[in-house]
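4 is the number of the first residue of the sequence shown in our numbering; add one for each residue after it.
For glycine and all other residues, C-beta sits at the position ideal for the given N, C-alpha and C.
Heads up: the structure comes next, in structure tokens.
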Amino acid sequence: MDPARAARVRLVGPGFRVGSASLAMLALLGLAGCESIAVGLHLRMRLDHVPVTRLAAALAPQPALSPGGRGRLVILATTGDGRQLATVGPGHGKVLFDSFTFDAQVVQVKANGIVSLPQDPRVSDGRVPHVHVTTLGHPDVVADLEIPVRYDVAFAAHFSGRDGFPGADGANGFDGTAGTPGSIDLSNPSAGGNGSDGSDGGDGFNGGDGERGQAIHVWVTLRAGTHPLLQVRVASITREQFFLVDPEGGTLSIDANGGAGGRGGSGGRGGHGGAGGIGWPSGLSGHDGRNGSDGHRGNDGAAGTIAMEVDARAQPFIGRIQLSNKSGSGKPGASPEVHVGTVAALW
4 MDPARAARVR LVGPGFRVGS ASLAMLALLG LAGCESIAVG LHLRMRLDHV
54 PVTRLAAALA PQPALSPGGR GRLVILATTG DGRQLATVGP GHGKVLFDSF
104 TFDAQVVQVK ANGIVSLPQD PRVSDGRVPH VHVTTLGHPD VVADLEIPVR
154 YDVAFAAHFS GRDGFPGADG ANGFDGTAGT PGSIDLSNPS AGGNGSDGSD
204 GGDGFNGGDG ERGQAIHVWV TLRAGTHPLL QVRVASITRE QFFLVDPEGG
254 TLSIDANGGA GGRGGSGGRG GHGGAGGIGW PSGLSGHDGR NGSDGHRGND
304 GAAGTIAMEV DARAQPFIGR IQLSNKSGSG KPGASPEVHV GTVAALW
């Protein structure tokens, strides 16, 4: 082997092999089921063969959940020799969640420790969400977690129309072909051929129309108690949603806006005319194709309508509920109709 080439192999080869191995390892770790590989590399661990004596569980980033909210478990295992081993994720540890089984009430717990509370407050109203954690390989080492439910957050009910779809762009025209060359030999001159014209670009397609906002009816009443809560039902002809809102910090935004019209597609570029062939005389260049016309923007959807019935006891807190019904262009729709009277408990 050439000495210079051998030197290059010595310099480049090992580095390339190391880099390839690193890339392969990263690729393996990125695959589903990479936990076993990570355990083999001591980047992750399971507890089935670890002498665990005690377990504690918490929820991150907040200890409480609102309807529709989610968090992730943080589990801390203590061993017989005093070591404390935390789960991956917000626990910043190495312990995999498949070291545990979960028995949940009211909430749902995924295999990766994600805890979610159903969006419908009727599911959790008056109940305490609970998670029972058992350690695999150590059935007597358990932890129990009760999760408070909070209602002092920003809730939203969306009954707006969808935006129109954007129009497709027109196709670009094809360039013309160059003219055939002639001769510039003065003893035997010949004319160059003319270039052909470029083809026209295609027109852009029109955008789709935005949908109309839905016609919705809202009922609001107050559930009295040491900590009063607003009970709210929002319904259209197709669906309904329920909410519990804490007037001390909680809000509910309800929208029935029209969707914006989709943008029109851009017209395609006209093809360039082909160059004239060189000769004596040279050929003429072809004409450029016409650019396609842009598509029209879709029509904006009309604003929806809102009718609201408010129990007199809830009227002092009505400012915690915001209503929006604008057209897709932002033009205000008809003012919401609000009636104050008697609204019975909604569930």
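Q.
For a test of the three-state rule: what should DSSP assign to F100, helix, strand or coil?
A. Helix, per DSSP.
Q | Three or more C-beta pairs below 8 Å linking the region 220 to 232 and the region 303 to 312 | A | yes
Q.
Please report the straight-line C-alpha distance between L26 and R47, rounded to a whole angstrom.
A. Confidence at L26 is low in this model, with a pLDDT of 45, below 50, so its placement is unreliable and no value can be given for it.
Q. Is it the case that the Cβ atoms of S285 and G198 are separated by a distance below 8 Å?
A. Pairing S285 with G198 gives a Cβ-Cβ distance that is not under 8 Å.
Q | Neighbourhood of L34 by C-beta, 6 Å cutoff - its chain only, sequence neighbours within 5 removed | A | Its pLDDT being 46, under 50, L34 is placed unreliably in this model, and the coordinates cannot settle the point.
**Q.** Beta-carbon proximity list for G344, same chain, < 8 Å, skipping 5 on both sides
**A.** E312, V313, D314 and A315
**Q.** Residue closest to A348, alpha-carbon to alpha-carbon, out of I40, G74, R125 and D106
**A.** R125
Q. How many angstroms separate the CA atom of D147 from the CA atom of Q87?
A. 18 Å
Q.
Bridge partners for G106 per DSSP, in chain order?
A. Looking at the sequence provided, one finds Asp at residue 106 rather than Gly. The partner list for D106 (beta bridge, DSSP) reads H135.
Q | Enclosing beta strand (DSSP E) for G193 [first to last residue] | A | The question names Gly, but residue 193 is Ser in the sequence shown. Where S193 is concerned, there is no enclosing beta strand (DSSP E), given that its DSSP letter is neither H nor E.
Q. Per DSSP, what kind of secondary structure is S256 in: helix, strand or coil?
A. strand
Q: Please report the residue range of the alpha helix (DSSP H) in which P124 lies.
A: P124 to S127
Q) Smallest Cα separation from G273: which of F103, R293 and G282? A) Ranking the options by Cα distance to G273, first place goes to R293.
Q: Spatial neighbours of L247 within its chain, please: CB distance less than 8 Å, with the 5 preceding and 5 following residues excluded, ordered by chain position.
A: P70, P124, D128, Y154, R226, L232, L233, Q234 and V235
(Q) Just to confirm before moving on: does the CB-CB distance between L139 and T104 stay below 8 Å? (A) yes
(Q) Under 8 Å: do the region 99 to 114 and the region 171 to 187 share three or more Cβ pairs, one atom per stretch? (A) no
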